[in-house]
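Taking it in order: structure first as structure tokens, then the write-up.
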Amino acid sequence: MSRPGPIGTELRPERELLTADLPGAPQLALAELMAGNRRFVTDTAWHPNQNAGRRAAVAGEQHPFAVIVGCSDSRLAAEIIFDRGLGDLFVVRTAGHTVGPEVLGSVEYAVSVLRTPLVVVLGHDSCGAVQAARAALATGAAPTGHLGAVVDAVVPSLRQAQAAGVNDLNEIVDIHIAQTVTAMLGSSAMLAAEVSAGRCAVVGMSYRLAAGEVRAVAAEPAELVAEVASAA
168 MSRPGPIGTE LRPERELLTA DLPGAPQLAL AELMAGNRRF VTDTAWHPNQ
218 NAGRRAAVAG EQHPFAVIVG CSDSRLAAEI IFDRGLGDLF VVRTAGHTVG
268 PEVLGSVEYA VSVLRTPLVV VLGHDSCGAV QAARAALATG AAPTGHLGAV
318 VDAVVPSLRQ AQAAGVNDLN EIVDIHIAQT VTAMLGSSAM LAAEVSAGRC
368 AVVGMSYRLA AGEVRAVAAE PAELVAEVAS AA
């Protein structure tokens, strides 16, 4: 049996799959994430789907209800932030949530094969990747090794912030999150088609490291930003 969540949602029974083929699935998946984050913030986490029974239930197949494209920062563990468990989230993490072919391929696999109805780009305040890119632009000194690829991927967001006159680090992070959402939809015709058909949504969220809260800064469809705000 499902249990009522603290903001009026429910944990869905394991037998009821929350896939892209269920009407309203993107909104339902978003509500699940927001309910879990609220439990995490208020220290009332349920730690669902983290026992031996769940481990056995998902050993043969997976049906995650959300994809999380998140920053690799060690403080950004998606299953903890959203109070979820095994088989719930399909997580892809890179420094600065930068998106390359492998990341896009992973997202497309989840959306097209696993029928996952929600993709979340999860960034956070005080992002080190954004700070590194900002320092590289300011000094003209490119970082050594493969770190340069991370910086190069963030630089377009910094240039967008400069053009808009934005200097605050966390406001730049928000721009970078929104830019990542735009880049994913622009680079994946399959993802864009699923969003256009209403079977999937893409939401950019920013996580506050100290408070533990997430908030939406971008979404497609755009009205989902307001839905996240009303659920917070």
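Numbering-wise, the working numbering comes out as the position in the sequence shown, counting from 1, plus 167.
Think of the CB as a built atom: it goes at the ideal place given N, C-alpha and C, for glycine as much as any other residue.
Quick caveat: nothing in here was measured; it's all calculated off a predicted structure.
Between the CA atoms of residue 366 and residue 383 - distance to the nearest angstrom: Residue numbering aside, residue 383 sits at position 216 when the sequence shown is read from its first letter. Residue numbering aside, residue 366 sits at position 199 when the sequence shown is read from its first letter. Roughly 19 Å between the two C-alpha positions.
Pairwise C-alpha distance: residue 297 and residue 193: Residue 193 sits at position 26 when you count from the first residue of the sequence shown. Residue 297 sits at position 130 when you count from the first residue of the sequence shown. Spanning the two alpha carbons is a distance of roughly 29 Å.
One or two residues paired with residue 313 in a DSSP bridge: Locating residue 313 in the sequence shown gives position 146, counting from the first residue. DSSP, once it has assigned bridges, lists no residue as partnering residue 313.
CB contact below 8 Å: residue 212 versus chain D: The chain inventory of the structure shown lacks chain D, comprising one protein chain alone.
Cβ pair count under 8 Å reaching 3, the region 230-238 against the region 283-293: yes
Paired residues, beta bridge with residue 219 - DSSP: For this step, residue 219 is matched to residue 52 along the sequence shown. None, per the DSSP bridge assignment.
The region 298-313 / the region 242-254 touching (three or more Cβ pairs under 8 Å): no
Minimum C-alpha distance to residue 265 - residue among 357, 381, 372, 350: Indexing the sequence shown from 1 puts residue 265 at position 98. The option with the nearest alpha carbon to residue 265 is 350.
Secondary structure of residue 211, DSSP reduced to three states: The residue you call residue 211 lines up with position 44 of the sequence shown. If DSSP states are grouped into helix, strand and coil, residue 211 belongs with coil.
CB contact flag (residue 385, residue 395, <8 Å): Within the sequence shown, the letter at position 218 stands for residue 385. Within the sequence shown, the letter at position 228 stands for residue 395. Going by C-beta atoms, residue 385 is not nearer than 8 Å to residue 395.
Three-state class that DSSP yields for residue 362 in the structure shown: For the purposes of this step, residue 362 is identified with residue 195 of the sequence shown, where counting begins at 1. If DSSP states are grouped into helix, strand and coil, residue 362 belongs with the helices.
Selection from 203, 254, 196, 363 that minimises the alpha carbon distance to residue 228: In the sequence shown, the residue the question calls residue 228 occupies position 61. Ranking the options by Cα distance to residue 228, first place goes to 254.
Exposure label - residue 390; buried when at least 16 CB within 10 Å: What you label residue 390 is simply residue 223 of the sequence shown in a count that begins at 1. By the 10 Å Cβ count, residue 390 comes out exposed.
The alpha helix (DSSP H) enclosing residue 353, as first and last residue numbers: For the purposes of this step, residue 353 is identified with residue 186 of the sequence shown, where counting begins at 1. Start and end: 336-354.
Cross-strand partners of residue 235 (DSSP beta bridge): Indexing the sequence shown from 1 puts residue 235 at position 68. Its beta-bridge partners are 258, 287.
C-alpha gap between residue 217 and residue 184, whole angstroms: As a first step, residue 217 is located in the sequence shown; it is residue number 50 there, counting from the start. As a first step, residue 184 is located in the sequence shown; it is residue number 17 there, counting from the start. Roughly 17 Å between the two C-alpha positions.
Alpha-carbon spacing of residue 282 relative to residue 335, whole angstroms: In the sequence shown, the residue the question calls residue 282 occupies position 115. In the sequence shown, the residue the question calls residue 335 occupies position 168. Cα to Cα, the separation comes out at about 38 Å.
Residue environment, residue 376, which counts as buried when at least 16 other CB atoms sit within 10 Å: Here residue 376 is taken as the residue at index 209 of the sequence shown, counted from 1. Counting Cβ neighbours within 10 Å, residue 376 comes out exposed, since fewer than 16 surround it.
Buried or exposed by the 16-neighbour rule on C-beta atoms within 10 Å, applied to residue 318: Position 151 of the sequence shown holds residue 318. When all chains shown are included, residue 318 counts as buried.
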